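These notes are about the structure you will find just below.
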Amino acid sequence: MPVEKLRWEERTQTPLLVLAVAFGIAYAVPIVAPGADPWVHRLCTHVEWTVWGAFALDYLVRLALAPDRRCFVRGHLLDLLAVILPMVQPLRLLRVVSTLLLVGRRARMAPQITLTTYVAGAVVGLMMFGSLAVLHVERDAPNGNIKTLGDAVWWSFTTMTTVGYGDHAPTTGLGRILAVGLMLSGIALLGVVTANIAAWFISRFDRDDAVERRQTELLEALTLEVRELRAEVARLSAPPGPSEPQEVPSPTAPTA
41 MPVEKLRWEE RTQTPLLVLA VAFGIAYAVP IVAPGADPWV HRLCTHVEWT VWGAFALDYL
101 VRLALAPDRR CFVRGHLLDL LAVILPMVQP LRLLRVVSTL LLVGRRARMA PQITLTTYVA
161 GAVVGLMMFG SLAVLHVERD APNGNIKTLG DAVWWSFTTM TTVGYGDHAP TTGLGRILAV
221 GLMLSGIALL GVVTANIAAW FISRFDRDDA VERRQTELLE ALTLEVRELR AEVARLSAPP
281 GPSEPQEVPS PTAPTA
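Position 111 (the sequence shown) corresponds to 151 in my numbering; numbering is contiguous.
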């Protein structure tokens, strides 16, 4: 990775994280408080566009600093789509989805963010934005039954975990599209959580097995040394055997 690109990513990591939090607040306020003053809604809209523009600029800068721009584009097609979609169709939901994609990609690049932290943040963020999005779509629907934030959070939780009690469900086309996206994303993230937990248990068992094997090897080596020491002690403690009699040479016969 080029040094300039690495420095850019390190310097912009914290500001982009702050902007992501600001985006979440700006998206939530008009939905949670629909009766707020018009200037509040306008301010939140400007903040949303500003945050999306900041992440889009981050993508363009990283593209300019990449040594092989074609390879960078091919490897970041989802990011490119997230940058282009809101400009083609300035729908608020598309702006939300595109910004979340850009935030997620940028968070995965941070070396200080571990997989567990990233997955936990993704689950919480997906549930929060899914709840707000479905509440925004379904609250004014004639036959809708998701009217409060509590209903939306409960629906998001049961949808992500694929339980689906059916007490709350979207009735509009856009709400059902959100439900499909939340189901697929929830299954993927929960699969990662399950795999991470299983990997932790396996690594723990392997570590315990390695320790047990090491202790067994040490015990066997110690037993062998004790046996050798006992044999040596027995050899040294044994009484000396009787000395063998020396042969007396027979006298030679006299010569005639």
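Just so you know, even glycine gets a beta-carbon here, dropped at the ideal spot from N, CA and C.
Here the structure is a predicted model, which means the values were calculated and not measured.
Compute the distance between the beta-carbons of Val193 and Ser225, then report whether it is under 7 angstroms.
-> no
Reference Gly215; option with closest CA among Leu59, Trp195, Ala228 | Trp195
Thr211: which of Pro74, Ala76, His81, Arg179 sits nearest, CA to CA?
-> Arg179
From the beta carbon of Leu264, is the nearest beta carbon of chain C less than 7 angstroms away?
-> The structure shown has no chain C; it contains just one protein chain.
Within the chosen definition, does the segment 50-64 reach the segment 76-93 through at least 3 CB pairs nearer than 8 angstroms?
-> yes
With distances taken Cα to Cα, identify the nearest neighbour of Thr234 among Glu44, Val136, Val159.
-> Val159
Below 8 angstroms on the Cβ atoms is my guess for Arg45 versus Arg82; work out the distance and round it to an integer in Å.
-> Per the sequence shown, residue 45 should be read as Lys rather than Arg. The beta carbons of Lys45 and Arg82 sit about 36 angstroms from each other, so the pair does not count as a contact at 8 angstroms.
Take Asn236 as the anchor and find which of Thr157, Leu264, His176 has the nearest alpha-carbon.
-> Checking every option, the nearest Cα to that of Asn236 belongs to Thr157.
Which residues bound the alpha helix (DSSP H) around Asn236?
-> 213-277
Taking DSSP as the reference, what is the three-state secondary structure of Ile186?
-> coil
Can Cys84 and Val72 be called in contact, C-beta distance under 7 angstroms?
-> Their beta carbons are not under 7 angstroms apart, which means Cys84 does not touch Val72 by this criterion.
State the start and end residues of the unbroken alpha helix (DSSP H) segment that holds Arg102.
-> Segment 78-105, the alpha helix (DSSP H) holding Arg102.
Give me the Cβ distance between Met168 and Thr199, rounded to the nearest whole Å; I'm assuming they're in contact under 8 angstroms.
-> So it is not a contact: roughly 13 angstroms between Cβ atoms.
Cβ-based burial, Phe245 [other Cβ within 10 Å; buried from 16] = exposed
CB contact flag (Leu339, Ala122, <7 angstroms) | Look at the range of the chain in this structure, 41 to 296, and you will see that residue 339 is not part of it.
So, helix, strand or coil for Asp191, using DSSP?
-> Helix at Asp191.
How would you call Leu97, buried or exposed, if buried means at least 16 neighbouring beta carbons within 10 angstroms?
-> exposed
Specify, as a first and last residue, the run of the alpha helix (DSSP H) that Val58 falls within.
-> 43-72
Tell me whether Phe75 sits in a helix, a strand or coil according to DSSP, three-state version.
-> Inspection of the sequence shows that residue 75 is occupied by Gly rather than by Phe. Correct three-state label for Gly75: coil.
Reference Leu323, options Leu166, Pro182, Leu118, Glu272, closest by Cα | Outside the shown range of the chain (41 to 296) lies residue 323, about which nothing can therefore be said.
Using the rule of at least 16 other Cβ atoms within 10 Å of the residue's Cβ for burial, across every protein chain shown, is Ala296 buried or exposed?
-> At Ala296 the pLDDT is 48, less than 50, meaning the model places this residue with poor confidence and gives no usable figure here.
Mind checking Glu260: buried by the 16 CB within 10 Å criterion, or exposed?
-> exposed
Between which two residues does the alpha helix (DSSP H) harbouring Val113 extend?
-> 109-115
Beta-carbon separation of Leu59 and Ala106 under 7 angstroms?
-> In this structure, Leu59 keeps its C-beta atom at 7 angstroms or more from the C-beta atom of Ala106.
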